[in-house]
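Novice: Protein chains in written order, with full-length UniProt numbering: chain A, 1 to 385; chain B, 1 to 89; chain C, 1 to 292. Virtual Cβ for every residue (Gly too), placed ideally from N, Cα, C. Every value quoted in this text rests on a predicted model; they were computed, and no experiment measured them. A single structure is presented below for examination.
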Amino acid sequence: MKRGPAVLTGVHFINGDVACAEGALAAGCRFFAGYPITPATEIAERMAERLPEVGGTFIQMEDEIASISAVLGASWAGVKAMTATSGPGFSLMMENLGFGYMTETPCVIVNVQRGGPSTGLPTLVGQGDMMQARWGSHGDYETIALAPSSAQEMFDLTIAAFNLSEKYRLPVLIMSDAVIGHITERVIIPPEEEIPIVNRKRFTGPRETYLPYLPEDDLVPPMVAAGEGYRVYITGLTHDERGYPSTSPDAQERLVRRLAEKVRRNARDIIRLEERGMEDADVVLVAYGISARVAYRAMELARAAGRRVGWLRLITVWPFPEERLRELAARVRAFIVPELNLGQIAREVERCAAGRALTIPVLRPGGAVHDPREILAAIEEASHV
Amino acid sequence: MSVEPTVHTPSRAVRRPRGRVFLLTERCKGCRFCVEFCPRHVLAMSDRFNSKGYHVPAVIAEELCTDCKMCELLCPEFAIYVVRLEEER
Amino acid sequence: MSEERHPLDHLLRADRLPHIWCPGCGIGIAMRCLVLALEELRIPLDRTVVVSGIGCSARVAGYVRLDGFHTTHGRAIPFATGLKLANPDLTVIVFSGDGDLAAIGGNHLIHAARRNVDLTVICVNNFIYGMTGGQSGPTTPLAARSTTTPYGNFEPPFNLPALVAASGAVYVARWTVFHVRRLITALQEAITKRGFSFVEILSPCPTGYLRRNKLGDALDMMRVFKTQSEIRHGAPPAEVGIELGKKLILGKFVDLERPTYHERMRKQLAAFFIEPYVEKVSEEVEAEEVES
Ligand SMILES: Cc1ncc(C[n+]2csc(CCOP(=O)(O)OP(=O)(O)O)c2C)c(N)n1
Ligand code: SF4
Ligand code: SF4
Ligand code: SF4
Ligand SMILES: [Mg+2]
Numbered sequence: 001m002k003r004g005p006a007v008l009t010g011v012h013f014i015n016g017d018v019a020c021a022e023g024a025l026a027a028g029c030r031f032f033a034g035y036p037i038t039p040a041t042e043i044a045e046r047m048a049e050r051l052p053e054v055g056g057t058f059i060q061m062e063d064e065i066a067s068i069s070a071v072l073g074a075s076w077a078g079v080k081a082m083t084a085t086s087g088p089g090f091s092l093m094m095e096n097l098g099f100g101y102m103t104e105t106p107c108v109i110v111n112v113q114r115g116g117p118s119t120g121l122p123t124l125v126g127q128g129d130m131m132q133a134r135w136g137s138h139g140d141y142e143t144i145a146l147a148p149s150s151a152q153e154m155f156d157l158t159i160a161a162f163n164l165s166e167k168y169r170l171p172v173l174i175m176s177d178a179v180i181g182h183i184t185e186r187v188i189i190p191p192e193e194e195i196p197i198v199n200r201k202r203f204t205g206p207r208e209t210y211l212p213y214l215p216e217d218d219l220v221p222p223m224v225a226a227g228e229g230y231r232v233y234i235t236g237l238t239h240d241e242r243g244y245p246s247t248s249p250d251a252q253e254r255l256v257r258r259l260a261e262k263v264r265r266n267a268r269d270i271i272r273l274e275e276r277g278m279e280d281a282d283v284v285l286v287a288y289g290i291s292a293r294v295a296y297r298a299m300e301l302a303r304a305a306g307r308r309v310g311w312l313r314l315i316t317v318w319p320f321p322e323e324r325l326r327e328l329a330a331r332v333r334a335f336i337v338p339e340l341n342l343g344q345i346a347r348e349v350e351r352c353a354a355g356r357a358l359t360i361p362v363l364r365p366g367g368a369v370h371d372p373r374e375i376l377a378a379i380e381e382a383s384h385v
Numbered sequence: 001m002s003v004e005p006t007v008h009t010p011s012r013a014v015r016r017p018r019g020r021v022f023l024l025t026e027r028c029k030g031c032r033f034c035v036e037f038c039p040r041h042v043l044a045m046s047d048r049f050n051s052k053g054y055h056v057p058a059v060i061a062e063e064l065c066t067d068c069k070m071c072e073l074l075c076p077e078f079a080i081y082v083v084r085l086e087e088e089r
Numbered sequence: 001m002s003e004e005r006h007p008l009d010h011l012l013r014a015d016r017l018p019h020i021w022c023p024g025c026g027i028g029i030a031m032r033c034l035v036l037a038l039e040e041l042r043i044p045l046d047r048t049v050v051v052s053g054i055g056c057s058a059r060v061a062g063y064v065r066l067d068g069f070h071t072t073h074g075r076a077i078p079f080a081t082g083l084k085l086a087n088p089d090l091t092v093i094v095f096s097g098d099g100d101l102a103a104i105g106g107n108h109l110i111h112a113a114r115r116n117v118d119l120t121v122i123c124v125n126n127f128i129y130g131m132t133g134g135q136s137g138p139t140t141p142l143a144a145r146s147t148t149t150p151y152g153n154f155e156p157p158f159n160l161p162a163l164v165a166a167s168g169a170v171y172v173a174r175w176t177v178f179h180v181r182r183l184i185t186a187l188q189e190a191i192t193k194r195g196f197s198f199v200e201i202l203s204p205c206p207t208g209y210l211r212r213n214k215l216g217d218a219l220d221m222m223r224v225f226k227t228q229s230e231i232r233h234g235a236p237p238a239e240v241g242i243e244l245g246k247k248l249i250l251g252k253f254v255d256l257e258r259p260t261y262h263e264r265m266r267k268q269l270a271a272f273f274i275e276p277y278v279e280k281v282s283e284e285v286e287a288e289e290v291e292s
C-alpha cells in the first residue's frame, strides 16, 4: 500500500462520522487522540485507518481526559489535532477544554451527542450538551460551536472548525448528534485546491522580541511551536503578555476580556446561518442539527397549509447569533424552537426575543427526533395568539 | 578571574583546588544547607538578614574551600556558587 | 561577597527568581540537578521541552528557560505524549509532583509506561500535597499526619518504582535531593534512555509534611537522607517501598531495553506502507522487511 491522498476528492456514500474524519484530513489534521464511545467511535476508527496513510498519528488514549490533553500537546508541537467523543467523554474533557481556551490552543473537539444525562441513551440521539458546550468548563470564556445537519456538513463544518480554530486560536466544538453521525448520505469531497485552508499565524521574528501573548489587532497573538527555539512558557494560570503567571486583577481583566472579545468582536465572521421563507414570515422555526431537518419538513407542511413560516438554521450555535435574532424579534410574532433537550437553545432565543416575540419551545429529551406534526401544532398555536 | 591566594597550605607537594565563594544574598532563604554540608566549614550563618528578612550565611574561611561545589549544588535558591581559583602549590 | 548573576541563570528564567518555594524546600535542588544534567548532556536545548501538571513541583516548567508547559493537574503525561508523538524530534521531560503523577494522573503514568513512549518522567516525592497545604496523597507513609489524616494515615502508599517498573518503564531510579551528583547522573541516563524512564526524587517539604509530623525542619530531613539511605543498585523494585523510620533504598533499579512506542509503531506500519514510514524505521526492521 502506498501513501494515500489526504483529500478523497469525489462523490461518496458515507456516514456523518466518516465524513467528519475525512473533513479533518482535508483540513490538514494530522493528529487524533481518542477513546471509543458510541456514537462517535467511527470517527476514531476512520482516523486510525487513514492517518497512517497520510503520515499522521493516531493514538487511542486511556480516557477522554488523556485524549484532549494529547490533542493540546500535539497542537503545541505545531500539528493540527482533533478528538471526538459523546456526552460522557465530553464531560471528562471539560477542565482541559478550559486549558485550551486559556492557553489559546487551536484544536477541534467533536461531540456526537446522544441522550443524557449520565450514560443515558448510548445509541440514540440527543442534543442535551448544547449548554455544556457553552459553559461546561469553569470560568468565563467564549467558544465557537458548529452544528452540522447532514453528512455533507460533517465534512464541510469540520474543515470550517479547523479554519476557525487556527484563525482565532481556540478549541472549536462540533456539536453533532447521533443521527447526523450515523446517517449515510451522499458526500461530495471537492478537489484539494478548492478547499480553503487557514493556518495559524506564526511568529517568525527574533527570539528576544517574542511575547507569546501579545495580541495583534484581531486580538489573536501569533503562535510558535515547541522546539522552534522561542522557549515559551505556557500556563493555565492567569498570565501576562510574556506568558508569566500573574495574580493581579488587572492581568485577569485584560486576559479574560480579550479571550472573550476575540470571539465577540469577530462574531460576524464566525456566525453562519441558513434561512428560508424569512421575507414574509410571521412565525420562525429556529433549529439546528437533526432537529433543523425535521423543522424544515414542518415548515413545508405549514406553508402548504397557508401559514407564513420561516426557517432559521443555526450552523454556528456559539457565539449565539444574537443580532439576527433581535432583528427578527422586532418583526415576527413568534419563534418556535424544536430541540432534543428540555430547552437549552430556546432560552437563548427567549433572551434575544426579550418579550418582543413569543418563544415556543418544542422539546423532547432525546431518544427520538420530533414528529414534524408536533412542530406543526406549535405553529398552529403561534398563529392563533 | 585572578585572585591572589591568601593562605598557603603547609605541604608544598600537594596540589589542591581552591574556590572562591559568591553569595547572592537577596536570593537566599536561609535554609542552612550550604553551611551544614560544606565539608570544610567554609561557611557559617551570619548575624545578617536580607531585605526579605531571611537569615543569610557568610563565608568565614574561604582559604579552606576546595571548590567541591557541594554548597552550590545543594542550594535550592541558586543563591551561592563557587569559582575555581588557580591551584595552589 | 555578592554577584548579580548565578552561572546557571542562562538556563533559568532568572527574571522570575527568587522562586515561590518555601525556605528549605527541595524542589529548587531538583530543578538545579535537571538543568545541570541538561547542560552537561549538550543536547539541543531548543528542542527540549519540560511539561508539568499542577503543584509546587510542577512550577519547575516556568523557571527553566526551555519550552515549558504548565498543564492541568495530573495531565502532564498525556500532554507530553501528544507533543512527542506529533514531533518525535523533541526531547520531552515531564517534571511534577507525587500527587500529580501518581494520584490524579496515576492512570496516565501506568499507560505511558506500558506504551513505552519516549518520555522522561521526573517525580518529586515529598510524601504530601504541598501546594494545597499538606494533605495526604498516594505516597504518604503509613501513620503519617497530614491535614486530611489528622489521626494518622492508614492507607498504604504506592511504591512508585515498583508501580512504573511493573507497568513497563525501561529505566527506574530513586535518589534524594541530598544525593545531587548521583541524581544528575541518573537524570542524564534517564533523558538519553530511549523509552519511558522514571526518576523519583525524595525531597523535603518542611511546610506541608515535616512540621506536622514533628520531623524537624528541612535540614533535619537532609540529614536523614544523608544518614538513613542505602544505595542498592538493581534492587528488585518490589523491595524498595518507603516506610517511616526505615532505611530509604536508593539507586538505579531498572535499566533495560524494550522497543519504544515509536519503534513498534513504525515496525507495525512498515508492513502496510511504503511511505512515509520506511525511511524512519530502524535497520533491524528494514532487514526483516527484505526477508519477508
Ligand atoms: C483538578 C484539580 N484538583 C485539585 C487541584 C488542587 N491541587 C493543586 S496542587 C495539588 C496537589 C499537588 O500535590 P503534588 O503533586 O504532590 O505536588 P507538590 O505540591 O507536593 O509538589 C492539588 C490537589 C487542582 N489544581 N486541580
Ligand atoms: S565549594 Fe565545597 S568547600 Fe567550598 S564552600 Fe562550597 S561546600 Fe565548602
Ligand atoms: S543553601 Fe542557599 S538558600 Fe540555603 S542558606 Fe545557603 S545560600 Fe541561603
Ligand atoms: S509547600 Fe512544601 S513542596 Fe511546596 S514549596 Fe513549600 S516546602 Fe516546597
Ligand atoms: Mg507532593
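Applying a beta-carbon distance threshold of less than 7 Å, which residues of chain C neighbour M61 of chain A?
Specialist: The answer, in chain order, is P78.
Novice: At the 7 Å Cβ level, is P52 of chain A part of the contact set with chain C, yes or no?
Specialist: Chain C, which has a Cβ nearer than 7 Å to the Cβ of P52 of chain A, makes this yes.
Novice: Given this structure, state the Cα-to-Cα distance separating F78 of chain B from F272 of chain C, to the nearest angstrom.
Specialist: Taking the straight line joining both Cα atoms gives about 53 Å.
Novice: Can you list the residues of chain B that H6 of chain C reaches, using a CB-CB cut of under 7 Å?
Specialist: Near H6 of chain C (Cβ distances below 7 Å), the residues of chain B are L24, F78, Y81.
Novice: Can you tell me whether DSSP reads K280 of chain C as helix, strand or coil?
Specialist: Because the pLDDT of K280 of chain C is 43, which lies under 50, any placement of that residue in the model is unreliable, and the question is left without a value.
Novice: Under 7 Å between the Cβ atoms of I43 of chain A and D63 of chain A?
Specialist: No.
Novice: With a threshold of 6 Å on Cβ separation, who are the neighbours of I60 of chain B within its own chain once the five nearest residues in sequence on each side are excluded?
Specialist: Answer for I60 of chain B: A44, listed in chain order.
Novice: Could you work out which residues of chain C lie near R32 of chain B, taking near to mean beta carbons separated by less than 7 Å?
Specialist: Correct list: L219.
Novice: Specify, as a first and last residue, the run of the beta strand (DSSP E) that Q268 of chain C falls within.
Specialist: Taken as a continuous stretch (DSSP letters only), Q268 of chain C belongs to no beta strand (DSSP E), being part of the alpha helix (DSSP H) at 261-270.
Novice: State buried or exposed for Q344 of chain A, treating a residue as buried only when at least 16 other CB atoms are found within 10 Å of its CB.
Specialist: Per the 10 Å Cβ criterion, buried.
Novice: Looking at the unbroken alpha helix (DSSP H) that takes in W21 of chain C, where does it start and where does it end?
Specialist: Per DSSP, W21 of chain C belongs to no alpha helix (DSSP H) and is neither H nor E.
Novice: Please list the residues of the region 63-77 of chain C that have a C-beta atom closer than 7 Å to any C-beta atom in chain A, keeping them in chain order.
Specialist: Residues passing the 7 Å Cβ filter: R65, L66, D67, G68, F69, H70, T71, T72, R75.
Novice: Using a Cβ-Cβ distance cut-off of 7 Å, determine whether G208 of chain C contacts chain D.
Specialist: Of the chains in the structure shown, none is chain D; the protein chains are A, B and C.
Novice: Less than 7 Å separating the beta-carbons of L312 of chain A and K262 of chain A?
Specialist: No, these two residues do not count as a Cβ contact at 7 Å.
Novice: Helix, strand or coil: how does DSSP classify G19 of chain B here?
Specialist: Here G19 of chain B sits in strand by DSSP.
Novice: Return the first residue and the last residue of the beta strand (DSSP E) that S229 of chain C is part of.
Specialist: Segment 229-231, the beta strand (DSSP E) holding S229 of chain C.
Novice: Along the chain, where does the alpha helix (DSSP H) containing I159 of chain A start, and where does it finish?
Specialist: Its alpha helix (DSSP H) spans residues 151-168.
Novice: From V7 of chain A to E22 of chain A, what does the alpha carbon distance come to, in whole angstroms?
Specialist: Whole-angstrom Cα-Cα distance: 7 Å.
Novice: For F196 of chain C versus S69 of chain A, is the C-beta spacing smaller than 7 Å?
Specialist: Contact flag unset, no.
Novice: Using the C-alpha atoms, what's the distance from L237 of chain A back to P245 of chain A?
Specialist: Using only the alpha carbons, I get a separation of about 6 Å.
Novice: Could you tell me the boundaries of the alpha helix (DSSP H) in which I271 of chain A lies?
Specialist: Per DSSP, I271 of chain A belongs to no alpha helix (DSSP H) and is neither H nor E.
Novice: With a threshold of 7 Å on Cβ separation, who are the neighbours of E72 of chain B within its own chain once the five nearest residues in sequence on each side are excluded?
Specialist: Taken in chain order, the residues that qualify are I80, Y81, V82.
Novice: Does DSSP put G310 of chain A in a helix, a strand or coil?
Specialist: In this structure, G310 of chain A counts as strand in the three-state DSSP scheme.
Novice: Do we get a CB-CB distance below 7 Å when we pair E36 of chain B with the residues of chain C?
Specialist: Closer than 7 Å to some Cβ of chain C, the Cβ of E36 of chain B qualifies, so yes.
Novice: Looking at the strands, I want to know which residues DSSP matches up with D15 of chain C.
Specialist: Per DSSP, none; premise fails for D15 of chain C.
Novice: Using a Cβ-Cβ cut-off of 7 Å, state whether N107 of chain C counts as contacting chain A.
Specialist: At least one chain A Cβ lies under 7 Å of N107 of chain C.
Novice: Identify which residue in A:G34, A:A27, A:V349, A:A260 has its Cα closest to the Cα of Y101 of chain A.
Specialist: When each option's Cα is compared against that of Y101 of chain A, the closest is A:A260.
Novice: Report the residue from A:R186, A:E253, A:P321 whose alpha carbon sits nearest the alpha carbon of D156 of chain A.
Specialist: Nearest C-alpha to D156 of chain A: A:R186.
Novice: Using beta carbons (cut-off 7 Å, strictly below), is L72 of chain A in contact with chain C?
Specialist: It does: the Cβ of L72 of chain A has a partner Cβ on chain C nearer than 7 Å.
Novice: Using 8 Å as the Cβ pair cut-off and three pairs as the minimum, do the region 108-116 of chain A and the region 124-133 of chain A touch?
Specialist: The region 108-116 of chain A vs the region 124-133 of chain A: in contact.
Novice: Which one of C:I43, C:D46, C:R258 has the shortest CA to CA distance from R194 of chain C?
Specialist: Minimum Cα distance to R194 of chain C is reached at C:R258.
Novice: Just mark D280 of chain A as buried or exposed, buried being the case when its beta carbon has 16 or more other beta carbons within 10 Å.
Specialist: That one is exposed.
Novice: Would a check of beta-carbon distances place I20 of chain C closer than 7 Å to chain B?
Specialist: By this cut-off, I20 of chain C is not an interface position.
Novice: Determine the chain A residues that contact H111 of chain C at a beta-carbon separation under 7 Å, and present them in chain order.
Specialist: By Cβ distance, chain A contributes E62.
Novice: Distance, Cα to Cα, V309 of chain A vs L325 of chain A?
Specialist: Their Cα atoms are separated by approximately 15 Å.
Novice: So, G53 of chain C versus D100 of chain C, is the Cβ gap smaller than 7 Å?
Specialist: Yes.
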